Structure formats: structure tokens, C-alpha cells
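Q: This note's numbering applies: residue 16 is where the sequence shown begins, and numbers increase by one.
Note that CB positions come from ideal geometry on N, CA and C, so glycine has one too.
No experiment lies behind these values; they were computed from the predicted model shown.
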Amino acid sequence: MTDTDEAQAKAPAQAKFALQRIYVKDASFESPSAPVIFTKTWKPKIQVDLNTRSAPVADNNFEVILTVTITAKLEDDETAFLVEIHQGGLFVVEGVEGEQMRQLLGIACPNMLFPYLREAVDSLVIKGGFPALALQPVNFEALYRQAQQQVEQKAAAEPKTH
Numbered sequence: 016m017t018d019t020d021e022a023q024a025k026a027p028a029q030a031k032f033a034l035q036r037i038y039v040k041d042a043s044f045e046s047p048s049a050p051v052i053f054t055k056t057w058k059p060k061i062q063v064d065l066n067t068r069s070a071p072v073a074d075n076n077f078e079v080i081l082t083v084t085i086t087a088k089l090e091d092d093e094t095a096f097l098v099e100i101h102q103g104g105l106f107v108v109e110g111v112e113g114e115q116m117r118q119l120l121g122i123a124c125p126n127m128l129f130p131y132l133r134e135a136v137d138s139l140v141i142k143g144g145f146p147a148l149a150l151q152p153v154n155f156e157a158l159y160r161q162a163q164q165q166v167e168q169k170a171a172a173e174p175k176t177h
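1. Over the uninterrupted beta strand (DSSP E) stretch that includes Pro71, give me the two end residues.
2. Out of Ile61, Thr56, Ala33, Cys124, point me to the one whose CA is closest to Ala149's CA.
3. Does the count of Cβ pairs from the region 116–126 and the region 63–79 closer than 8 Å reach three?
4. Within a Cβ cutoff of 6 Å, which residues of the same chain sit near Ile183, ignoring the five residues on either side of it in sequence?
5. So, for Ala147: in the same chain, excluding its five sequence neighbours on each side, which residues have a beta-carbon less than 8 Å away from its beta-carbon?
6. Pick from Glu167, Tyr131, Arg160, Lys31: whose alpha carbon is nearest that of Val83?
7. Can you tell me whether Ser69 is buried or exposed, with buried defined as 16 or more other CB within 10 angstroms of its CB?
8. Per the contact definition of three or more C-beta pairs closer than 8 Å, is the region 83–92 in contact with the region 31–40?
9. Give me the Cα-Cα distance between Glu90 and Ser46, rounded to the nearest whole angstrom.
10. Does the distance from the CB of Val107 to the CB of Leu119 come in under 8 Å?
11. Suppose contacts are defined by Cβ-Cβ distances below 8 Å. Is Glu99 in contact with Ser43 by that definition?
12. Around the C-beta of Pro59, are 16 or more other C-beta atoms found within 10 angstroms, so that it is buried, or is it exposed?
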């Protein structure tokens, strides 16, 4: 073994982060009040619930799922439509651990998936006969930090057992 080979063997692995594939894992659209809903004045109340989750798939491969559920209701609380999309991504992550890994999976990956999720939602809503629905940009870093704070507060509030 040469000095160069020994140095490479001792050197830490270089970090690698790459998107392998983007896909729709699940999609549903419901319009329980159609076609009557189309005869009413269109001033909906829109509720958006957004979640992320990640899981290891194989060696250095991680699946990240960005899920959105959108409910549009009219003033009489009648549901105009309900859309749910699970936008998936397969990512390769090597040489990254701990907090840095959690940030990649909780911030960077959802940021990459969001434009695809946004387009899928808009497409389903339009195909359902409703006006276009453009989701507003999301600050995944702020959401990640907020979730971390909630975990820390919960841990601090729990009584310690001996």
C-alpha cells in the first residue's frame, strides 16, 4: 500500500447527497358535493395540513415523503373538495450523520419535493373542475426548528425517573 492509499483509507468519507427519483406515492381527490357545488358562490375556506416523514430504504438510500391534505369548504361548511398527495423522493445520503442528516431529510429533501407536490395538487384541483390552487411557499427550515423546539420542550416537561 502506498502512502497515498493509506491516507485515503484514513480520510473520512466524503459527504454525498443526491436525488435519485421523485414520484407520487399516493394521490386522491374527492368532491363529495359535485355537481351541486358548482352552482354555489365560490368563496372557499381552504385548510392545508403538511407533514414530512423519512425512512431508510437500503444502503445509504432514504425515502422522504411530503404529504399534504387540503380541504376546501364553503360558508355553509359543505366540503367542495378534499385533496391528498404523498409526494415521494428517493435520496442517497453518505458520509452524513446525526443532526446534519436530520436536517437534510427534514429541510433539504422537502424543499426539493415541494414544487412537484405543488404541481400535483394544482393539477388535481383543476381536473376536478375547480379554479387553480397554488400552494404558497413553505419554509421547511422554520418548520423543522419549530418541531425540534416542541420535542425539547416536551422532554424538559417530562418527569425524570430514576
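A: Once the coordinates are examined:
1. Counted from its first residue, the sequence shown places residue 71 at position 56. Segment 60–73, the beta strand (DSSP E) holding Pro71.
2. In the sequence shown, residue 149 corresponds to position 134, counting from 1. It is Ile61.
3. yes
4. Nothing in the structure corresponds to residue 183, since the chain is present only between 16 and 177.
5. Position 132 of the sequence shown holds residue 147. The residues are Asp137, Val140, Ile141.
6. The count along the sequence shown starts at 1 and reaches residue 83 at position 68. Among Glu167, Tyr131, Arg160, Lys31, the Cα nearest to that of Val83 belongs to Tyr131.
7. Position 54 of the sequence shown, counting from 1, holds the residue named residue 69. Under this definition Ser69 is a buried residue.
8. no
9. The count along the sequence shown starts at 1 and reaches residue 90 at position 75. The count along the sequence shown starts at 1 and reaches residue 46 at position 31. One C-alpha to the other measures close to 16 Å.
10. Mapped onto the sequence shown, residue 107 falls at position 92. Mapped onto the sequence shown, residue 119 falls at position 104. In this structure, Leu119 does not lie closer than 8 Å to Val107 by Cβ.
11. Here residue 99 refers to the residue found at position 84 of the sequence shown. Here residue 43 refers to the residue found at position 28 of the sequence shown. Yes, these two residues count as a Cβ contact at 8 Å.
12. Looking up residue 59 in the sequence shown gives position 44. Classification of Pro59: buried, given that the 10 Å Cβ count is 16 or more.
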